[in-house]
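One structure is given here, and the rest of the page talks about it.
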Amino acid sequence: MDRDLSLSRTKTFSFINPWIRYFLFFFSFLFWVFSVLIVGIGVYAKIQKATDAVRDSFLVDPAVILIVVGVVMFFITFCGCIGALRENIRLLKMFSLSLTLVFLTQLAIAVLGFFYSDQTRSALGKFVENAIVHYRDDLDLQNLMDYIQKEFQCCGWNDYTDWSWNVYFNCSHGNPSTERCAVPYSCCAPVPGEAVVNTMCGFGAQTQGRLEAAKAIYAAGCADRAAGWMESHLLLVGALALGCALPQIAGIVLSQILISQIRTEISSTL
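At position 242 of the sequence shown (counting the first as 1) the number is 288 in the numbering used here, and the numbers step up by one without a gap.
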């Protein structure tokens with residue numbers, strides 16, 4: 047009887063930790079669902095833009111970026127889900143390798159952005175200039191610029207006169223636009239007690255001096271505002287970066303542990 051009990055314990059013993067296995071499965075499954083949502087949002091945005099008949103002014107369509115990111119995430123997390131569930135070493139290796147490549151790419155971008163801050167600022171400046179030039183041509187650019195200017199309480203890249211880059215807001219005398227010398231409403235400082243936003247609050251702002259314009263709009267440029275925000279929120283930026291890195295590191299470590307345990311399990315049965 048003791049021998050039978052010993053054999054039963056031997057048969058039920060496994061080198062594979064079920065906690066690691068199922069945690070990795072649910073971890074991958076959660077991000078798999080998230081990837082499906084990203085793809086869905088990207089597809090919806092692409093269809094919506096097509097029906098709105100606006101010209102896409104991004105170098106790469108944001109909707110396409112969402113779709114590509116979602117598909118890549120879907121592939122990676124699918125390997126993690128099935129690999130953990132089926133104890134498939136090949137899929138787990140693909141999952142671990144893919145996560146490692148994504149993590150190293152993000153790390154390289156962060157390091158390059160830190161050491162080449164001037165080039166990064168210049169590249170962002172060109173992007174914002176493009177966004178200002180095509181502000182009325184692309185709904186994505188318009189919504190993005192309005193959001194940035196409201197959140198950072200800024201106007202333009204260097205200052206509010208940058209809006210003269212746009213053909214509608216250009217301050218030249220030959221400009222027939224009703225928005226000549228104006229800035230978008232998102233540049234306007236909110237008026238206390240005003241429930242309805244005055245979309246014409248920025249009209250004529252570019253003809254005013256900085257001190258006079260600052261009474262009604264955000265006269266500071268978004269470049270300085272963004273730099274100031276980064277400096278005053280270093281802890282938050284670090285926490286966000288760590289929050290993005292930790293799930294990836296956890297996935298890499300857990301998948302490698304599980305691969306090692308599966309190999310040990312296989313070798314013990316030979």
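Beta carbons are placed, not taken as given, at the ideal position from N, Cα and C, and that holds for glycine. Quantities reported herein were computed from a predicted structural model and do not represent experimental measurements.
Ranked by how close their Cα comes to the Cα of Phe121, the residues Ser223, Lys139, Asp208 and Ser163 have Lys139 in first place. DSSP lists Ile263 as the bridge partner or partners of Cys234. Asp184 carries a coil assignment under DSSP once its states are collapsed to helix, strand and coil. Distance check between Tyr231 and each of His219, Val115 and Gly202 places Gly202 closest, using alpha-carbon atoms only.
Of all alpha-carbon atoms in Asp184, Thr151, Leu70 and Ile87, the one lying nearest the alpha-carbon of Cys290 is that of Thr151.
Taken atom to atom, the span from the alpha-carbon of Ser144 to that of Val283 is near 25 Å. Sequence-distant Cβ neighbours of Gly129 in its own chain, meaning closer than 6 Å and more than five residues away, are Leu137, Leu138 and Phe141. Rounded to whole angstroms, Cys268 and Gln199 show a C-alpha spacing of 8 Å.
Per DSSP, the unbroken alpha helix (DSSP H) holding Val299 starts and ends at Leu280 to Thr315. Pairing Ala259 with Ala251 gives a Cβ-Cβ distance under 7 Å.
Pairing Ile62 with Cys125, the inter-Cα distance amounts to about 18 Å.
Linking Tyr162 to Gly171 through their CA atoms gives a straight-line distance of about 14 Å.
Per DSSP, the continuous alpha helix (DSSP H) segment holding Ile178 begins and ends at Ser163 to Val179.
Distance from the CA of Ile111 to the CA of Phe249, rounded to the nearest whole angstrom, comes to 35 Å. A residue is called buried when at least 16 other Cβ atoms come within 10 angstroms of its Cβ; Ser74 meets this threshold and is buried. Taking all protein chains shown into account, Phe77 has 16 or more neighbouring C-beta atoms within 10 Å of its C-beta and is therefore buried. Rounded to whole angstroms, the gap between the alpha carbons of Gln94 and Asn216 is 29 Å. With fewer than 16 neighbouring CB atoms inside 10 Å of its own CB, Gly255 falls in the exposed class.
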